[in-house]
Amino acid sequence: MVLVLLYCKIYSRPIYGTAIVVDFGVKVGCWMSKMKYSSGLISQSFWFIEFKKVIKLLHDGKTYDDIKRLCLEENLFGASKENRARRMFGYISTRAKTFDSEMIELFNTSHIATQKTMTLFAIVKSDKLFSEFLYEVYREKVILGINQLDDSDTNIFFKNKQAQNEDIASWSDVTLNKLRNCYTNYLTDAGLLTISSGKKNITPPILDKELEMCLLTHYDEQFIKAITGVN
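Here it is in structure tokens:
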């Protein structure tokens, strides 16, 4: 079942919408609605270099246990404390597990821009709220030809979600502000936003054709639409 939701601000703001909520008895790639909403990205970072190390080790035949051992015994991520290294491994391994062998191979043979897009994909696939933000806000901006992302855009998105979900409604303003900044940082690190003179300029990626075909194979057309604005 697909539910289409529209939301808008009362005064002179464009309408955002087309929130896609899918009945998750069906595999639809990263848009997995059985996930619960979470603010967990606040305690994480984009971690491109660290993610790249893990994917490279998996490509070379290492197991997750091997990589965890490297994190704890050899400080693979350069963490300040062992507990931090343990937490980073947990987060990054969760992202890496969204890749199958085909995606791992593609990541290791791609240029840096595509690797960053794939890192974003892994994050999106493991976080329901961020995936919906990309589709409902970022994509709509691209479609409407609006070149900037404002704080008010994210605030509208959160207010809409609070009206729909009790868990999100219970989050404090401090949490929402941190999450908004987190989304901005992730999109900037992935190359989907460029910050200039305090303005967040939207810069949709030119998607690598091999990655596009791989994502379509993985039933992740929604991610392609979200970051490129394609209908």
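Each residue of the sequence shown is one higher than the one before, counting from 26 in this note's numbering. All residues carry an ideal CB built from backbone N, CA and C; glycine is no exception.
Closest in C-alpha terms to ALA147, from the list THR134, LEU154, PHE248 and THR123, comes THR123.
Nearest C-alpha to ASP152 among GLY254, THR134 and PHE248: PHE248. In this structure, VAL199 sits away from ASP178, with a CB-CB distance that is not shorter than 9 Å. Note that the segment 103-119 touches the segment 71-80; at least 3 beta-carbon pairs, one per stretch, sit closer than 8 Å.
If you draw a straight line from the Cα of LEU236 to the Cα of ALA251, it is about 15 Å long. Per DSSP, the beta bridge partners of THR219 are ASN226. When secondary structure is reduced to three states using DSSP, GLN69 falls in the coil class, being assigned neither helix nor strand. Linking ILE80 to TYR211 through their CA atoms gives a straight-line distance of about 19 Å. Each residue's CA atom was taken as its position, placing LEU204 and LEU95 some 30 Å apart.
Around the beta carbon of ASP245, a 10 Å sphere encloses 16 or more other beta carbons of the protein chains shown; the residue is thus reported as buried. Within the segment 73-110, the alpha helix (DSSP H) runs of at least 4 residues that lie entirely inside it are, in chain order, 73-84 and 89-98. Remark: C-beta atoms of LYS186 and TYR62 approach each other more closely than 9 Å. Classified as buried, LYS166 has 16 or more neighbouring CB atoms from the shown chains inside 10 Å of its CB.
Taking 9 Å as the cut-off, the beta carbon of ILE227 is found no closer than this to the beta carbon of GLN140. Per DSSP, the continuous alpha helix (DSSP H) segment holding GLU127 begins and ends at 126-134.
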